[in-house]
C-alpha cells in the first residue's frame, strides 16, 4: 500500500480583532468530494467538519496563544473528476485555494498552520 501525499501550508496568518468571532470553512469546488476535517485550536474544544461546512473556532483573543492546525483528509470518489478543488476560508475569505490533479493524489491529506495575530 502506497503512502498518501500530504500537502502542507505553513505560516498562514489571518489578522483578527480580540472580540471577533473566527469561523473556519471547507468549501468543495469539485464534485463528489468527501472529507473529514479536524481543527486543533488552543484549549480542549477542537471542532470537526464532516465533508464541507463551517465551524466556529472562538474569539480572536482565544486563538493567539499558539498556532491553529487544520488537518483535512479528502477523498474524491468521482471517476469523471480529474481535479480536487477545495477552498479553505476564514471569516469568508479564502486563505488556501487547494487545486491539484486527482492523478497526483486521489486521497490527499491537507495540513494548514494558521496564526491569528492582532491587526
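Residue numbers (the working numbering): 1 to 119.
Glycine included, every Cβ here is placed at the ideal spot set by N, Cα and C.
Keep in mind it's a predicted model, so treat the numbers as computed, not measured.
Distance from residue 14 to residue 90 at the Cβ level is roughly 5 Å; contact confirmed, criterion being Cβ atoms closer than 8 Å.
In this structure, residue 53 sits near residue 26, with a CB-CB distance shorter than 8 Å. DSSP places residue 62 in the helix class (H, G or I) of the three-state scheme.
Residue 112 sits close to residue 70, with the two beta carbons spaced by under 8 Å.
The criterion of a C-beta distance shorter than 8 Å is satisfied by residue 7 and residue 110. Within the DSSP secondary-structure output, residue 35 pairs in a beta bridge with 74. Its Cα nearest to that of residue 30, the residue 79 stands out among 4, 79 and 12.
Cβ-Cβ distances below 8 Å link residue 46 to 38, 39 and 40 in the same chain, with the five nearest sequence neighbours on each side left out; the list follows chain order.
Pairing residue 65 with residue 42, the inter-Cα distance amounts to about 7 Å. Taking C-beta atoms under 8 Å as the contact rule, residue 115 and residue 67 qualify, at a distance of about 6 Å.
If you ignore the 5 residues before and after residue 118, its C-beta comes within less than 8 Å of the C-beta of 15, 16, 17, 18, 60 and 64, all in its own chain and listed in chain order.
Per DSSP, the continuous beta strand (DSSP E) segment holding residue 21 begins and ends at 21 to 28.
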